[in-house]
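Working notes, structure below.
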Amino acid sequence: MSDAVSIKNQRLFEIDHKIDELVKKIEMLNYVNPNNIETEKAKFFDSKYLTDPKFTYPKRDFDKFSLHKEFFALKIDDIEDERLRDFYEDIIYFYSGLIQCIETIGKGKRFYYNSLRSFGTPTENDVENAKFILHFESEDENDSLFQPKYSASESHQFFREYSKNYDFSYEIKNSSAMGAIAMVSNTAQALVLNENHTFSQNEINILTNHEIGVHMVTTMNGMLHPLKIFSHGFPNNEETQEGLAVFSEYMSGNLTIKRLKELAYRVLAVDSLAKGYDFSRTFRLLHNGYDLDREQAFYITVRAHRGGGFTKDYLYLTGLKKIYNYHSEGKDLSLLLTGKVSLEFVDDISYMIDNKYASASKHITDSYATNKNTNKTVDFILRNLK
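Start counting the sequence shown at 424; every next residue gets the next number (this note's numbering).
Shown next as structure tokens:
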């Protein structure tokens, strides 16, 4: 970056670094995953699916009022570049919404409405897309590819081997308090695996491409920019990031009908929140209505109902469709790998790179080099989603 740019935009970088300090305190997944999933699952099954789980959550380790105050005390008007000034105004409002989400975790509808403001909810088209996917027959569940084989600790070796494709390092941890079977912790630069889960080879294939090939790639790329906001997340980045991650599963040849159905069930689970369903009714919709096995139905229901109603899960399918279309149009995916960015800001990303506020992606998702998908049904589904 030239000295002229540095001096002219000193306030921009001061504000960006202050946001960096504040945002480190509010990674949503650190707070929204219940502490007691397994014990509550046992109670729920014993109740014959009638008594809703009573989840507990990690304690918030920040003062919500002082954090709000510090965000809104930032003098965005001091940023000379009008385009970036507008961008950082969006950033402030986005993170203010996340603080409201976190401060109401476990408080029922209060959390749900805050989640709704931050992440939205499925449209009629999204629900129709989910139901469309469910019409197709899944792969044979008895295939050895889908059989549980590896503990969380045994799975470490596969992630380490896959990661030789990339020039970065990270930690691998196990956790017993997770709604997902794996996730990347952005602030800790770590892959976290659910120690209560036994992984199939298909899940390993999916997760290496999804979690390392995209989420860890964008974590590591995000740290390389002059502006720190690439590391923490643009407004509405979840849809783009999850879309990129599932698209990596597709390009690597690991996206199955079974996996697409899982994403479809997540849409229906989140849609049930809008219909006012409680936990047990959402579970019965999936387990009895769609004949989903009770373990998978439980964890999908947990993902949607944790905190009081977490609507983020429907974005995996909408994000996949948007990234599939974007790639089909021959557009540059590397711009979307620059960090925790959003598709709607792609022109701003190019602007920031051109003006030395950001750098081109150093790490590129390896599966994006060649399309290895051979499943014509998967292609048919993706082409025909609305």
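We put the beta carbon where it would ideally sit given N, CA and C, even for glycine.
Taking the C-alpha atoms as reference points, what is the distance between leucine 715 and tyrosine 722? Straight across, the Cα-Cα distance linking leucine 715 with tyrosine 722 is about 11 Å.
Whole runs of the alpha helix (DSSP H) within the stretch 629-679, excluding any shorter than 4 residues: Qualifying alpha helix (DSSP H) stretches, in chain order: 640-645, 652-655 and 660-674.
Would you tell me roughly how many angstroms separate the C-alpha atoms of threonine 527 and arginine 729, rounded to the nearest one? When rounded, the distance between both Cα atoms is 12 Å.
Mind checking methionine 424: buried by the 16 CB within 10 Å criterion, or exposed? Residue placement at methionine 424 is poorly supported in this model, since its pLDDT is 46, which falls under 50; the coordinates still yield a value, given next. Answer is exposed; the Cβ neighbour count stays below 16.
Does the pairing of the stretch 648-659 with the stretch 513-522 give three or more beta-carbon distances under 8 Å? Result yes; three or more Cβ-Cβ pairs closer than 8 Å.
Using a Cβ distance threshold of 8 Å, determine whether the stretch 700-715 contacts the stretch 566-584, with at least three qualifying pairs required. Touching, no, given that fewer than three Cβ pairs across the two stretches are closer than 8 Å.
Phenylalanine 485, DSSP secondary structure in three states: Judged by DSSP in its simplified three-state form, phenylalanine 485 adopts coil rather than helix or strand.
Could you tell me the boundaries of the beta strand (DSSP E) in which leucine 616 lies? Here the beta strand (DSSP E) through leucine 616 covers 613-617.
Bounding residues of the alpha helix (DSSP H) (the contiguous stretch that carries lysine 596): Here lysine 596 belongs to no alpha helix (DSSP H); instead the beta strand (DSSP E) covers 594-598.
Output needed for alanine 605: all residues of its chain with C-beta closer than 6 Å, excluding positions within five of it in sequence on either side, in chain order. Sequence-distant Cβ neighbours of alanine 605 in its own chain, meaning closer than 6 Å and more than five residues away, are Leu616, Leu630 and Glu634.
In DSSP terms, what tyrosine 747 is bridged to: For tyrosine 747, DSSP records no beta bridge to any residue.
Are valine 690 and glycine 742 close, meaning C-beta to C-beta below 9 Å? In this structure, glycine 742 does not lie closer than 9 Å to valine 690 by Cβ.
Take asparagine 848 and list the residues in its own chain whose beta-carbon comes closer than 6 Å to its own, dropping the five residues that flank it on each side. The requested residue 848 is not part of the displayed model; the chain covers only 424 to 809.
What is the rounded straight-line gap between the Cα of phenylalanine 510 and the Cα of threonine 479? Answer to the nearest angstrom: the Cα atoms are 36 Å apart.
Go ahead and label asparagine 711 buried or exposed: buried means 16 or more other beta carbons lie within 10 angstroms of its beta carbon, across all protein chains shown. Exposed, by the Cβ-count rule.
Of the residues Val455, Leu678, Gly762 and Ala781, the one placed nearest phenylalanine 569, counting alpha carbons only: Measuring C-alpha to C-alpha distances from phenylalanine 569 to each of Val455, Leu678, Gly762 and Ala781 identifies Leu678 as the nearest.
Please classify alanine 697: does DSSP put it in a helix, a strand, or coil? Here alanine 697 sits in helix by DSSP.
Since serine 608 sits in a beta bridge, which residues does DSSP pair it with? DSSP, once it has assigned bridges, lists Ala613 as partnering serine 608.
Segment contact, 8 Å Cβ cut-off, at least three pairs: the stretch 492-512 with the stretch 731-739: Below 8 Å, too few C-beta pairs join the stretch 492-512 and the stretch 731-739 to call them touching: fewer than three.
How should glutamate 463 be labelled, buried or exposed, when 16 other C-beta atoms within 10 angstroms of its C-beta is the threshold for buried? Label assigned to glutamate 463: buried.
Alpha-carbon spacing of methionine 639 relative to lysine 471, whole angstroms: It is roughly 39 Å from the alpha-carbon of methionine 639 to the alpha-carbon of lysine 471.
State the Cα-Cα distance for the pair aspartate 832 and isoleucine 680, rounded to the nearest angstrom. Here the chain comprises residues numbered 424 to 809, so residue 832 is not present and cannot be evaluated.
Enumerate, from N- to C-terminal direction, the unbroken alpha helix (DSSP H) stretches of 4 or more residues contained entirely within the stretch 470-539. Correct list: 487-496 and 505-526.
Starting from aspartate 802, trace the alpha helix (DSSP H) in both directions and tell me its first and last residue. Annotation for aspartate 802: the continuous alpha helix (DSSP H) segment containing it runs 799-807.
In whole angstroms, give me the CA-to-CA distance for lysine 492 and asparagine 609. The straight-line gap from Cα to Cα measures roughly 24 Å.
I need the straight-line Cα distance from serine 578 to phenylalanine 495, nearest angstrom please. Rounded to whole angstroms, serine 578 to phenylalanine 495 spans 44 Å at the Cα level.
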